[in-house]
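Residue numbers (my numbering), protein chains in the order written: chain F, 5 to 115; chain Z, 452 to 726. Yeah, the Cβ is synthetic: ideal placement off N, Cα and C, and Gly gets one too. The structure under discussion appears below in the form of structure tokens.
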Amino acid sequence: MSLYAMQKFLFALNREAEVQRRYAEGGEVRAALLADYDLDDEEREAIDIGDIGKLYVLGCNGQLLMHFAPLLGIAWADYLEAMREGVRKYGPVRAGIYAMTTGTNEKVAGV
Amino acid sequence: MSLVFAGVCSHAPGITGRAHLAEPAVKDEFHAQFHRFGEAMRATKPDAVIVIAAEHFANFFMNNMPAYAIGMADSYEGPIEDPKWLGIEKTRVPGDAALSQRLIREVMQTVDVAYAEEWKFDHGIMVPLNFLTPRFDTKVIPVNINCQGPPLTPLHRAWAFGEALRRACDKAPERIALVGTGGISHWPATPDSGKVNAEWDAEFMRRWCANDREALLSQDNYNDEATYREAGQGGFEIRTFLSVAAAARGKGEIFHMKAIPIFAVTCTAAVMSVA
């Protein structure tokens, strides 16, 4: 697993307009962008399809991930739910310091 | 004495970005106290404000992560986040490269600090500035303590960093304000968002207000494992509060300390006398 590479991609995406443009263009342009990062197939697919839940379970730092969500047009409540859904589908967070401590049916902030 | 103000405050992006989702009376009370905090700072007529933030991968990543960094530019940009998401428009914030360099040189006498001539402000600085200097017209010296990517700097080093900043401020003729941002307990950007540990927060802030160095640096109380368990990954940001206490040497007064779950944090603003 290359959590470091996933997070480095998100770091670049959050900072750089050109990376955002290449990601948004999709297709071969996005594929070429992602090829620059040492990702395995599961990680590359999660980024490609914007699977917030999978990225969360794989251990991506929430401070990086929460900016990917608005870039994908995902509202705050839906971002939180996407992470809960990821844990339901893929199991507990596998790495990092952003593990979930509440239940998948809990909504601490009401959303 | 050139340190004219010291304080700490929350910086959660929800404070501005999700203000519309909070109960209006609760949000208004906190925002009023946050503005009062800013007025208290501005009343000291600072030439510059040092903002010690725990940034969130806006500038620094695990390929080259400094424990401590200070900005050294004449201007900065922010926020790095989507302005609609954060509720703060993109703007240019004045800096002071010459003042930064003097501060850095003095801090380096005792603490190895990185410097950065480029720095993009994230919510860790922009949310506090929204209340501290609403027109973004005061010079800012950005400071970062790595609270995101372990291994993290030990608490006693954050204290030593605060002492070094104080020494550097004392040698500068400018009037300087110092604000630490982040904490206290919270589990941000996770499905736990909104969870806090009110008892832990109250005890930490009691110790902070008393400037109880021994208790604040106690490994029994605040080793990283205990902080992560009791206060979440957001609790690591207490390092910024420790640096401010070390620099100010005074006693604290809390303006606001109440959880607002949709803001994902115990919303805090507190000043400390400069002794």
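Within 10 Å of its beta-carbon, does residue i have 16 or more other beta-carbons around it, so buried, or fewer, so exposed?
{"i": "H462 (chain Z)", "result": "buried"}
{"i": "K12 (chain F)", "result": "buried"}
{"i": "P602 (chain Z)", "result": "exposed"}
{"i": "Q670 (chain Z)", "result": "exposed"}
{"i": "G30 (chain F)", "result": "exposed"}
{"i": "A726 (chain Z)", "result": "exposed"}
{"i": "S636 (chain Z)", "result": "buried"}
{"i": "G546 (chain Z)", "result": "buried"}
{"i": "G633 (chain Z)", "result": "buried"}
{"i": "V33 (chain F)", "result": "exposed"}
{"i": "D40 (chain F)", "result": "exposed"}
{"i": "D45 (chain F)", "result": "exposed"}
{"i": "P639 (chain Z)", "result": "buried"}
{"i": "R48 (chain F)", "result": "buried"}
{"i": "T124 (chain F)", "result": "Summary: the structure shown does not reach residue 124 (chain F), with chain F confined to residues 5 through 115, and so no result is reported for it."}
{"i": "K646 (chain Z)", "result": "buried"}
{"i": "G107 (chain F)", "result": "exposed"}
{"i": "N109 (chain F)", "result": "exposed"}
{"i": "N674 (chain Z)", "result": "exposed"}
{"i": "N510 (chain Z)", "result": "buried"}
{"i": "G77 (chain F)", "result": "exposed"}
{"i": "E557 (chain Z)", "result": "buried"}
Counting only beta-carbon atoms, is residue i nearer than 7 Å to chain Z?
{"i": "M70 (chain F)", "result": "yes"}
{"i": "Y102 (chain F)", "result": "yes"}
{"i": "A50 (chain F)", "result": "no"}
{"i": "V33 (chain F)", "result": "no"}
{"i": "G66 (chain F)", "result": "yes"}
{"i": "P74 (chain F)", "result": "yes"}
{"i": "V61 (chain F)", "result": "no"}
{"i": "R98 (chain F)", "result": "no"}
{"i": "M10 (chain F)", "result": "no"}
{"i": "A113 (chain F)", "result": "yes"}
{"i": "R88 (chain F)", "result": "yes"}
Could you tell me whether the Cβ of residue i comes closer than 7 Å to any Cβ of chain F?
{"i": "F706 (chain Z)", "result": "no"}
{"i": "D533 (chain Z)", "result": "yes"}
{"i": "W536 (chain Z)", "result": "yes"}
{"i": "F508 (chain Z)", "result": "yes"}
{"i": "F512 (chain Z)", "result": "yes"}
{"i": "Q560 (chain Z)", "result": "no"}
{"i": "Q684 (chain Z)", "result": "yes"}
Determine, for residue i, whether the minimum Cβ-Cβ distance to residues of chain A falls below 7 Å.
{"i": "L84 (chain F)", "result": "Among the protein chains in the structure shown, which are F and Z, there is no chain A."}
Round the Cβ separation of residue i and residue j to the nearest angstrom and send it over; I've been treating them as touching at under 8 Å.
{"i": "T691 (chain Z)", "j": "I596 (chain Z)", "result": "6 Å"}
{"i": "F456 (chain Z)", "j": "A628 (chain Z)", "result": "4 Å"}
{"i": "V23 (chain F)", "j": "V61 (chain F)", "result": "Not a contact, Cβ separation roughly 23 Å."}
{"i": "Y527 (chain Z)", "j": "F572 (chain Z)", "result": "6 Å"}
{"i": "V562 (chain Z)", "j": "A505 (chain Z)", "result": "Wrong, their Cβ atoms sit about 17 Å apart, outside the cutoff."}
{"i": "I56 (chain F)", "j": "M10 (chain F)", "result": "At roughly 12 Å, the Cβ-Cβ gap does not stay under 8 Å, so I56 (chain F) and M10 (chain F) are not in contact."}
{"i": "M516 (chain Z)", "j": "L583 (chain Z)", "result": "About 27 Å separates the two Cβ atoms, so there is no contact after all."}
### Task
Indicate whether the contact test is met: 3 or more Cβ pairs, each with one atom in the segment 611-627 of chain Z and one in the segment 499-506 of chain Z, closer than 8 Å.
yes
### Task
With 7 Å as the limit, tell me which residues of the segment 640-663 of chain Z have their beta carbon closer than that to any beta carbon of chain F; keep them in chain order.
A640, T641, P642, D643, S644, G645, K646
### Query
Got a sec: which bits of the segment 690-716 of chain Z sit with their beta carbon under 7 Å from any beta carbon on chain F, in order along the chain?
P712, I713, A715
### Message
Under 8 Å, with one C-beta from each stretch per pair, do the segment 464-475 of chain Z and the segment 711-718 of chain Z reach the 3-pair mark?
### Response
yes
### Message
Whether or not the segment 655-670 of chain Z and the segment 567-587 of chain Z are in contact is what I'm after, with contact meaning three or more pairs of Cβ atoms, one per stretch, closer than 8 Å; do they touch?
### Response
no
### Query
Using a beta-carbon distance cut-off of less than 9 Å, what residues from the segment 466-491 of chain Z approach chain F?
G468, R469, L472
### Message
If the cut-off is 7 Å on Cβ atoms, which residues from the segment 12-44 of chain F count as contacting chain Z, listed in chain order?
### Response
K12, F15, N18, R19
### Message
Would you call the segment 678-693 of chain Z in contact with the segment 81-98 of chain F, where contact means no fewer than 3 C-beta pairs closer than 8 Å?
### Response
no
### Near-chain F residues of the segment 561-589 of chain Z (beta-carbon distance less than 8 Å), N- to C-terminal order
K571
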